[in-house]
Amino acid sequence: MMAGSLLAAGCSGEDTVTNKQAIQPMLGAVMHAKTDEVRRLADQGVGLNERYYTNNDTPMIFAAGSNQWTVVEILIDHGADIWAYNQFGITAAQRTETSRVIPGSNEDQARLRVIARLKARGYPFPPPKSDEVLKLVEERRWPPTGAQS
4 MMAGSLLAAG CSGEDTVTNK QAIQPMLGAV MHAKTDEVRR LADQGVGLNE
54 RYYTNNDTPM IFAAGSNQWT VVEILIDHGA DIWAYNQFGI TAAQRTETSR
104 VIPGSNEDQA RLRVIARLKA RGYPFPPPKS DEVLKLVEER RWPPTGAQS
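Add 3 to a position in the sequence shown, counting from 1, and you land on the number used in this note's numbering.
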């Protein structure tokens with residue numbers, strides 16, 4: 004009886020984790036660097052602003068953090084929230100400055116286009132640091148007044 008209870012508890016926990024991932028198709032596509040799947044989901048408007056359950060990352064924040072700048076472009080072009088931040092105040096814009104892509108590479112060119120898109124929508128550059136973002140959120144000043152989505 005006890006072994007059966009442990010098995011049921013183990014299965015229950017596994018199902019919870021699986022279900023959390025199953026209902027977040029965009030995050031899954033970004034995490035597995037499936038650019039074509041990201042584009043397909045974005046074309047359908049699916050999961051553009053999903054939140055990862057551990058740190059509140061959005062697909063765009065995760066893609067920027069893993070230097071998938073082409074994916075960030077796709078997400079921006081399909082309406083993902085450029086002002087999104089995670090629980091630590093990290094934004095995709097901050098990642099443009101800390102990216103370690105090879106200068107002049109295709110991903111670097113995509114990173115530069117992301118910066119241009121963000122600036123065109125009024126994103127401040129250099130972007131505010133994480134602690135500044137969290138303070139602005141607390142003061143209800145994030146996103147900035149007059150900011151474009």
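In this text, a Cβ means the ideal position worked out from N, Cα and C, and glycines have one as well.
Cβ-Cβ distance between residue i and residue j below 9 angstroms
i: Met29; j: Ala45; result: yes
i: Leu137; j: Gly92; result: yes
i: Trp72; j: Asp39; result: no
i: Asn89; j: Asp134; result: no
i: Val41; j: Val74; result: yes
i: Ile64; j: Thr101; result: no
Which of helix, strand or coil DSSP assigns to residue i
i: Gln112; result: helix
i: Arg124; result: coil
i: Arg98; result: helix
i: Val49; result: coil
Element boundaries [alpha helix (DSSP H), containing residue i]
i: Arg43; result: Thr38 to Asp46
i: Pro28; result: Pro28 to Met34
i: Val104; result: Segment: none, Val104 is in no alpha helix (DSSP H) and carries neither H nor E.
i: Ser154; result: Here the chain covers residues 4 to 152 and nothing more, so residue 154 does not appear.
i: Glu76; result: Trp72 to Asp80
i: Phe65; result: Pro62 to Gly68
Residue i to residue j span [Cα, whole Å]
i: Pro129; j: Ile79; result: 18 angstroms
i: Leu115; j: Ala96; result: 11 angstroms
i: Tyr126; j: Val117; result: 11 angstroms
i: Thr57; j: Gly31; result: 14 angstroms
i: Pro146; j: Trp86; result: 6 angstroms
i: Arg144; j: Ala150; result: 10 angstroms
i: Ile105; j: Gln27; result: 30 angstroms
i: Ala83; j: Arg103; result: 23 angstroms
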